[in-house]
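**Student:** Input: one structure, supplied below.
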Amino acid sequence: MSDWHVDVLGPEFEARPLPQPDDAVATLVRHVASTTAPADRPAVLYVHGYADYFFHPHVAEAFAERGYPFYAVDLRTYGRSLREGDDPNFVPDIAVHARDLDAAVDAIRAEGHERVVVLAHSMGGLVSALWAHTRPGRIEALVLNSPFLDLNEPWFHRVVTTRLMYAIAPVAPRVPLGRMGGAYGLALHQQWNYDLSWKPTSGFPVRAAWFHSLRRAQARAARGLDIRCPVLVCASDRSTSGKYTHDELLTTDSVLSVRHILDGAPRLGPSVDIEVIHGGAHDLALSPSPAREKYLSTTLDWLDAHV
22 MSDWHVDVLG
32 PEFEARPLPQ
42 PDDAVATLVR
52 HVASTTAPAD
62 RPAVLYVHGY
72 ADYFFHPHVA
82 EAFAERGYPF
92 YAVDLRTYGR
102 SLREGDDPNF
112 VPDIAVHARD
122 LDAAVDAIRA
132 EGHERVVVLA
142 HSMGGLVSAL
152 WAHTRPGRIE
162 ALVLNSPFLD
172 LNEPWFHRVV
182 TTRLMYAIAP
192 VAPRVPLGRM
202 GGAYGLALHQ
212 QWNYDLSWKP
222 TSGFPVRAAW
232 FHSLRRAQAR
242 AARGLDIRCP
252 VLVCASDRST
262 SGKYTHDELL
272 TTDSVLSVRH
282 ILDGAPRLGP
292 SVDIEVIHGG
302 AHDLALSPSP
312 AREKYLSTTL
322 DWLDAHV
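Numbered continuously in the working numbering, the sequence shown closes out at residue 328.
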């Protein structure tokens, strides 16, 4: 298509906008070498997390080596999709990201790839799980990298603050509640090159309506979903705090609770496999070696077996 252009990651990648009927824009990225070659395997669509965007060329290359056409989407108000006037990483209801996923899958199919697999991280994992639940038959498989199935906070914030948001969000949807701890982001940026204007070390302000919709989505997942395609959930083996600097920020999940992930995974559908990656970071694809390679090989071997 004529609206593909060279991406910020360089000539091996191209990007194109995905305009939405509500005037929002998502952005589709493709790995040129894998998506233009004939392939009988399903295409892979990568979905990023909160305070995030796609900057993982090594992931695209790993999938390309196994013959999987590789795409990624930057959701509306994230990364490449940020537009003037946007509150970065803010939507009043994260359910609207289902439209971004629909548009991305439609665009991939228009490229000649009838079958699609979704590979999603953290918040993107929660959004993609709910999306797959409501669209049976839309994708071949779902791989979740440290999905954001619950809030990694004490009981007071998980219960009392959540109920408070039910009252605040409708009248003050954009009121900021705070930011993420910056220790994990700082440690990550010391190891990986990405744009701090799109992914600041402490993220962007968490706003009331977004938080309210996140907690509603997590509550829905906790009640149980019925994702009909095979699901793989990957998580680190341990959690630590990301609110202060320590030596294990990138060898443990220092953002989410591994216990929450492992407890919530079986509720996603009838066919869920779980893999624990020892020494993995919150974003398992950005873990130090050998955890990073273990995560990628585990995911690819699972896809080879299931699709």
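Glycine included, C-beta positions come from ideal geometry on N, C-alpha and C.
Using DSSP with H/G/I as helix, E/B as strand and the rest coil, what is E296?
**Tutor:** E296 falls in the strand class under three-state DSSP.
**Student:** Residues in the same chain with beta-carbon distance under 6 Å from G106, minus the five sequence neighbours each way, listed in chain order, please.
**Tutor:** Cβ neighbours of G106 beyond the five flanking positions: none.
**Student:** Within its chain, find whatever has a CB closer than 8 Å to the CB of I115; leave out the 5 residues flanking it on each side and keep chain order.
**Tutor:** Excluding residues within five positions, the ones whose Cβ falls inside 8 Å are M144, L147, V148, W231, S234, L235, A238.
**Student:** Is A150 closer than 8 Å to A242 when the C-beta atoms are compared?
**Tutor:** Closer than 8 Å, so yes.
**Student:** Would you call the segment 269–284 in contact with the segment 202–215, where contact means no fewer than 3 C-beta pairs closer than 8 Å?
**Tutor:** Flag = yes, the segment 269–284 and the segment 202–215 touch.
**Student:** Alpha carbon to alpha carbon, how far is P168 from R244? Give it in angstroms, no decimals.
**Tutor:** The straight-line gap from Cα to Cα measures roughly 16 Å.
**Student:** Could you check if M22 is buried or exposed, using at least 16 other CB atoms within 10 Å of its CB as the buried criterion?
**Tutor:** In this prediction, M22 scores a pLDDT of 47, lower than 50, which makes its location untrustworthy; no coordinate-derived value is stated.
**Student:** Give the secondary structure of M22 by DSSP, where H, G and I count as helix, E and B as strand, and everything else as coil.
**Tutor:** Unreliable positioning characterises M22 in this predicted model, as indicated by a pLDDT of 47, which lies under 50. The coordinate reading is nonetheless provided below. Note: M22 maps to coil in three-state DSSP.
**Student:** Can you tell me whether S260 is buried or exposed? The criterion is at least 16 other CB atoms within 10 Å of its CB, across all chains shown.
**Tutor:** Buried, by the Cβ-count rule.
**Student:** What are the boundary residues of the alpha helix (DSSP H) that R51 is part of?
**Tutor:** No alpha helix (DSSP H) holds R51; the beta strand (DSSP E) holding it covers 46–52.
**Student:** Provide the residue(s) that pair with P38 in DSSP beta bridges, ordered along the chain.
**Tutor:** Bridge partners of P38: T48.
**Student:** Compute the beta-carbon to beta-carbon distance between S257 and I298, rounded to the nearest angstrom, for a pair I have assumed lies under 8 Å.
**Tutor:** The Cβ separation is near 6 Å, so the contact holds.
**Student:** What three-state label does DSSP hand R62 in the structure shown?
**Tutor:** If DSSP states are grouped into helix, strand and coil, R62 belongs with coil.
**Student:** H210 lies in the beta strand (DSSP E); which residues open and close that run?
**Tutor:** It is not in any beta strand (DSSP E) - H210 instead sits in the alpha helix (DSSP H) that spans 203–212.
**Student:** Could you check where the beta strand (DSSP E) with P197 kicks off and where it finishes?
**Tutor:** From DSSP, the beta strand (DSSP E) with P197 extends over 197–199.
**Student:** So D44 packs on A36, CB below 8 Å; how close in whole Å?
**Tutor:** At roughly 19 Å, the Cβ-Cβ gap does not stay under 8 Å, so D44 and A36 are not in contact.
**Student:** Ignore the nearest five residues each way along the sequence and tell me which others in L307's own chain have a CB closer than 8 Å to its CB.
**Tutor:** Closer than 8 Å at Cβ, skipping near neighbours: H77, L209, Q212, W213, L271, R313.
**Student:** Per DSSP, what kind of secondary structure is G145 in: helix, strand or coil?
**Tutor:** Helix at G145.
**Student:** Strictly by DSSP, which residues pair up with L217?
**Tutor:** L217 is not bridged to any residue.
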